[in-house]
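Numbering (the numbering used here), first residue to last: 40 to 269.
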């Protein structure tokens with residue numbers, strides 16, 4: 040103890056003293072119970088520290104799992120909101136596109152109607168574009184106006200009307216006389232099958248009547264012999 044109390048002592052002397060058998064014997068004699076209590080307290084402290092570390096790690100794992108679950112739920116909620124907003128935007132876009140198409144169609148019809156009215160006024164006999172020909176044919180068309188029964192009973196001038204010359208049927212040339220229906224059919228049959236004769240292609244109704252009233256010839260009353268083979 041004097042060596043421990045001496046502040047002027049060297050470190051080597053102190054180490055040699057602590058490592059000596061005399062020091063160990065003195066500790067076991069005078070501070071054995073305190074040393075055992077210190078060791079037990081150290082063990083209890085180590086167990087408590089380990090339990091605390093395990094508890095903290097479990098709490099940290101629980102917190103991380105909860106945060107991960109919250110992130111997953113938030114991501115799913117964000118995706119659902121995004122899809123809902125996308126569907127709403129698509130519906131709005133479709134409605135706006137339909138409104139734009141309807142507006143274009145309405146404007147086109149209104150422009151066509153105004154153009155027709157202007158052409159009617161300009162091409163009228165008193166208009167600026169009138170040709171002055173009274174024999175000029177005026178074309179008409181049904182107006183879009185309807186009565187209570189949904190009937191279109193009003194005509195308006197059709198400035199774009201025509202006779203459609205390109206759609207007229209080409210008539211068969213004749214010698215100045217109008218061909219009958221039977222002659223037209225025969226000419227058509229000859230043009231399709233030129234190898235057949237006209238008499239064999241068409242049958243007149245009078246021939247059909249004659250065939251209907253003809254009497255079948257009576258069978259002959261002669262005798263017949265039947266031979267049998269045995």
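We put the beta carbon where it would ideally sit given N, CA and C, even for glycine.
In this structure, DSSP gives residue 184 a state outside helix and strand, which the three-state scheme calls coil. The three-state reading of DSSP puts residue 179 in strand, counting E and B together. Secondary structure note for residue 195: its beta strand (DSSP E) is the uninterrupted segment 194–196. Distance between residue 185 and residue 116, taken at the CA atoms: about 55 Å.
Annotated as proximal: residue 200 and residue 180, with beta-carbon spacing under 8 Å. Shown here, residue 148 sits in a helix according to DSSP, grouped into three states. Residue 58 sits in coil when the DSSP states are folded into three classes, being neither helix nor strand. Scanning its chain for C-beta atoms nearer than 8 Å, with the 5 sequence neighbours on each side dropped, one finds around residue 193 the residues 181, 182 and 184, in chain order. DSSP places residue 101 within a helical segment (H, G or I) once states are collapsed to three. Residue 195 is not a Cβ neighbour of residue 158, given a cutoff of 8 Å.
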